[in-house]
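Heads up: the structure comes next, in structure tokens.
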Amino acid sequence: MELCTLFSGSSGNACLIRCGGTQLLVDAGVSAKRLVGALHNLDVDPGELSGILVTHEHIDHIRGIDVLSKSYNLPVYANEGTWAAMEPKVERVALRNRRAFQRAQDFYIRDINVQPFSIPHDAADPVGYVLTSGKCRFAVATDMGYAHPDVLETLKGCQGIVLESNHDEEMLRRGKYPARLKQRILGRKGHLSNATSGELALKLAQSGTRALLLAHLSRENNLPELAFSTVSGCLSAGQVEPGKDIYLQLAPADGASALIKMG
1 MELCTLFSGS
11 SGNACLIRCG
21 GTQLLVDAGV
31 SAKRLVGALH
41 NLDVDPGELS
51 GILVTHEHID
61 HIRGIDVLSK
71 SYNLPVYANE
81 GTWAAMEPKV
91 ERVALRNRRA
101 FQRAQDFYIR
111 DINVQPFSIP
121 HDAADPVGYV
131 LTSGKCRFAV
141 ATDMGYAHPD
151 VLETLKGCQG
161 IVLESNHDEE
171 MLRRGKYPAR
181 LKQRILGRKG
191 HLSNATSGEL
201 ALKLAQSGTR
211 ALLLAHLSRE
221 NNLPELAFST
231 VSGCLSAGQV
241 EPGKDIYLQL
251 APADGASALI
261 KMG
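Per the working numbering, the sequence shown starts with residue 1, numbered consecutively.
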């Protein structure tokens, strides 16, 4: 089983998961043209994708979905609340390709089991995903205001995780964003800070996680080296050494991340 991000951040998000002949996207938040280019760079034919999983309806997660689905006849999976919220933005997705699921309902896409789980974010019904094949478990967990205990419990045992490390709190507080936007980001339905991500990363590493991609970094309120050093410091303080006990990498804003392989 393999996992990488194609794009990550407020300008657009997309992850690729591959297992045998099954290839899935989690989100498609940049233009279809850019997504196709990124897939071709990895020798992936967009027409051979098994589907697109949607976490929530914000434009940086769904921008390319309608064109990509229409162009390559791809099914799009989202829960009912997200479908209702994103309907006006994805009108070109054919009815036959609209797949709705219940929030707590796991399902299969070919040989990958898909387990949606609720996340605290300011969207209609946002979810993350745990994707399992055999003994391999990967997860995508971004756009979370805080590390809800249920999220931690769901993520335990996942070997590889795309984990949000959105902002440095001090940079955000001192930055140019209006007060209302700062409060939204810092709120319980906003985004994970580097420090909170580090605390969660340590708990996950202690429960068996062996690879983390730090994702959804803010261009304005974070620095890649700051996100990495903060999370790395939290891990080291808990006697988990990056590079030895856990693989830790950053998800680039534009372009594919390092590839996580398990199994």
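Quick reminder that beta carbons are idealized off the backbone N, C-alpha and C, glycines included.
- Residue 210 holds the alpha-carbon nearest to the alpha-carbon of residue 261 among 244, 96, 210.
- When beta bridges are read from the DSSP output, residue 116 appears opposite 129.
- Around the Cβ of residue 126, a 10 Å sphere holds 16 or more other Cβ atoms; the residue is buried.
- Buried is the label assigned to residue 145, since at least 16 other Cβ atoms lie within 10 Å of its Cβ.
- Residue 32 and residue 252 have their C-alpha atoms some 18 Å from each other.
- As far as DSSP is concerned, residue 191 takes part in no beta bridge.
- Going by beta carbons, residue 167 and residue 113 fall outside the 7 Å limit.
- Secondary structure within the stretch 143-175: the beta strand (DSSP E) runs of 3 or more consecutive residues, fully enclosed, are 160-164 (chain order).
- Counting the other CB atoms within 10 Å of its CB gives residue 180 a total below 16, which places it among the exposed residues.
- Distance check between residue 18 and each of 190, 8, 45, 148 places 45 closest, using alpha-carbon atoms only.
- Within the stretch 17-96, the complete beta strand (DSSP E) segments of 3 residues or longer fall at 22-26, 51-53, 76-79, listed in chain order.
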